[in-house]
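Residue numbers (my numbering): 536 to 838.
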């Protein structure tokens with residue numbers, strides 16, 4: 536629960552509508568990745584991640600004597616994001632376990648003092664998967680040959696390949712054009728606002744320039760676009776105020792970009808998002824909306 540000053544209701548958006556429209560906006564990029572890397576090596580992981588997330592949430596809600604709400608779309612989006620962030624040919628059992636941990640453990644039990652979900656479930660689960668299964672999570676087979684991702688290679692693919700997704704990487708993170716279109720659709724529909732994506736992309740560019748890198752490469756490489764529009768915009772784990780969102784997006788991007796450039800850690804975006812989520816309650820306490828009717832009083836000029 537977030538406590539902020541009024542106005543509280545700005546848009547009439549139900550949770551199922553938000554979740555299912557986000558799911559639909561992600562689907563083209565997921566389908567492209569499944570087709571490009573091959574359904575045999577990708578579809579089982581995506582389906583398993585979604586199934587694990589949906590089943591775990593239903594089981595937890597059943598045992599906690601709460602209404603089963605899996606059809607509101609939230610666990611489906613969590614599972615799809617997790618599945619899209621996994622490498623091709625990963626064992627579906629790992630994806631299944633990751634989805635179950637995301638909604639059955641992280642979403643339900645890793646909460647703030649007010650009961651609000653603290654961490655993005657999909658990204659926290661991805662960090663745990665990498666820590667437990669480092670080798671499978673860093674092997675990216677492309678056309679039958681295992682090789683490094685563009686982030687791990689100084690001679691990566693060109694901008695065209697990175698923009699249209701014809702490169703190595705995780706299942707649903709490679710096609711920047713489809714992810715950009717999906718993000719634009721969500722903004723047009725009023726599902727997300729532009730503050731966090733813009734701040735995140737600016738943060739990537741600034742960090743890349745500071746480290747002497749090509750900012751366009753870092754914008755298109757890895758999961759930058761997917762993170763900017765579909766992950767850091769999660770309303771339950773991001774700040775409530777506009778200034779807080781700008782700071783959150785910029786700082787999270789800086790952390791994520793620094794990690795993936797300087798350490799080649801395979802889950803730089805995920806770790807950056809988790810660290811940003813941890814800072815969100817502090818941001819909400821420090822950065823608050825001005826209560827209407829308060830603030831500096833303007834003195835009237837003498838006639």
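Cβ coordinates follow ideal geometry from the N, Cα and C atoms, glycine included.
If I'm right that residue i touches residue j with Cβ under 8 Å, what's the distance once you round it to whole angstroms?
{"i": "residue 720", "j": "residue 762", "result": "No, residue 720 and residue 762 are not in contact; Cβ-Cβ is about 17 Å, not under 8 Å."}
{"i": "residue 812", "j": "residue 654", "result": "5 Å"}
{"i": "residue 754", "j": "residue 739", "result": "6 Å"}
{"i": "residue 603", "j": "residue 593", "result": "5 Å"}
{"i": "residue 775", "j": "residue 742", "result": "Actually they do not touch by this definition, with Cβ atoms about 25 Å apart."}
{"i": "residue 623", "j": "residue 577", "result": "5 Å"}
{"i": "residue 591", "j": "residue 638", "result": "5 Å"}
{"i": "residue 737", "j": "residue 767", "result": "Wrong, their Cβ atoms sit about 13 Å apart, outside the cutoff."}
{"i": "residue 765", "j": "residue 616", "result": "6 Å"}
{"i": "residue 614", "j": "residue 551", "result": "So it is not a contact: roughly 16 Å between Cβ atoms."}
{"i": "residue 564", "j": "residue 707", "result": "5 Å"}
{"i": "residue 556", "j": "residue 724", "result": "6 Å"}
{"i": "residue 621", "j": "residue 587", "result": "Not really, about 12 Å apart at Cβ, beyond 8 Å."}
{"i": "residue 716", "j": "residue 760", "result": "Their Cβ separation, rounded to whole angstroms, is 10 Å, which puts residue 716 and residue 760 out of contact at 8 Å."}
Rounding to the nearest angstrom, what Cα-Cα distance links residue i and residue j in this structure?
{"i": "residue 645", "j": "residue 794", "result": "24 Å"}
{"i": "residue 699", "j": "residue 599", "result": "45 Å"}
{"i": "residue 533", "j": "residue 696", "result": "A question about residue 533 goes unanswered here, because the residues of the chain that appear run from 536 up to 838."}
{"i": "residue 771", "j": "residue 791", "result": "20 Å"}
{"i": "residue 513", "j": "residue 732", "result": "Any property of residue 513 remains undetermined from this structure, which presents the chain solely from 536 to 838."}
{"i": "residue 647", "j": "residue 640", "result": "14 Å"}
{"i": "residue 566", "j": "residue 747", "result": "35 Å"}
{"i": "residue 701", "j": "residue 757", "result": "13 Å"}
{"i": "residue 773", "j": "residue 815", "result": "6 Å"}
{"i": "residue 656", "j": "residue 636", "result": "8 Å"}
{"i": "residue 668", "j": "residue 785", "result": "30 Å"}
{"i": "residue 580", "j": "residue 671", "result": "13 Å"}
{"i": "residue 634", "j": "residue 589", "result": "8 Å"}
{"i": "residue 601", "j": "residue 718", "result": "33 Å"}
{"i": "residue 661", "j": "residue 642", "result": "13 Å"}
{"i": "residue 821", "j": "residue 778", "result": "11 Å"}
{"i": "residue 709", "j": "residue 568", "result": "7 Å"}
{"i": "residue 688", "j": "residue 625", "result": "Low local confidence applies: a pLDDT of 48 at residue 688 is under 50, so the model's placement there is unreliable, and no value is given."}
{"i": "residue 782", "j": "residue 823", "result": "13 Å"}
{"i": "residue 544", "j": "residue 727", "result": "Confidence at residue 544 is low in this model, with a pLDDT of 47, below 50, so its placement is unreliable and the value that follows should be read with caution. About 15 Å."}
{"i": "residue 658", "j": "residue 574", "result": "23 Å"}
{"i": "residue 797", "j": "residue 803", "result": "10 Å"}
{"i": "residue 780", "j": "residue 651", "result": "17 Å"}
{"i": "residue 817", "j": "residue 810", "result": "12 Å"}
{"i": "residue 666", "j": "residue 559", "result": "30 Å"}
{"i": "residue 606", "j": "residue 722", "result": "23 Å"}
{"i": "residue 800", "j": "residue 749", "result": "19 Å"}
So what does residue i bridge to, in DSSP terms?
{"i": "residue 652", "result": "646"}
On the CB-based measure, 16 or more other CB atoms within 10 Å of its CB, does residue i come out buried or exposed?
{"i": "residue 549", "result": "exposed"}
{"i": "residue 730", "result": "buried"}
{"i": "residue 571", "result": "buried"}
{"i": "residue 611", "result": "buried"}
{"i": "residue 628", "result": "exposed"}
{"i": "residue 769", "result": "buried"}
{"i": "residue 554", "result": "buried"}
{"i": "residue 705", "result": "buried"}
{"i": "residue 693", "result": "exposed"}
{"i": "residue 819", "result": "buried"}
With a cut-off of 7 Å, does the C-beta of residue i fall near any C-beta of chain C?
{"i": "residue 574", "result": "Considering every chain present, this structure includes no chain C. It has just one protein chain."}
By the DSSP assignment, the alpha helix (DSSP H) with residue i in it spans what residues?
{"i": "residue 672", "result": "669-672"}
{"i": "residue 744", "result": "730-745"}
{"i": "residue 781", "result": "777-797"}
{"i": "residue 599", "result": "Taken as a continuous stretch (DSSP letters only), residue 599 belongs to no alpha helix (DSSP H), as it is neither H nor E."}
{"i": "residue 816", "result": "803-821"}
{"i": "residue 621", "result": "Per DSSP, residue 621 belongs to no alpha helix (DSSP H) and is neither H nor E."}
{"i": "residue 552", "result": "550-572"}
{"i": "residue 635", "result": "627-636"}
{"i": "residue 753", "result": "750-755"}
{"i": "residue 696", "result": "694-699"}
{"i": "residue 763", "result": "That residue, residue 763, is in no alpha helix (DSSP H); it is neither H nor E in DSSP."}
{"i": "residue 718", "result": "711-723"}
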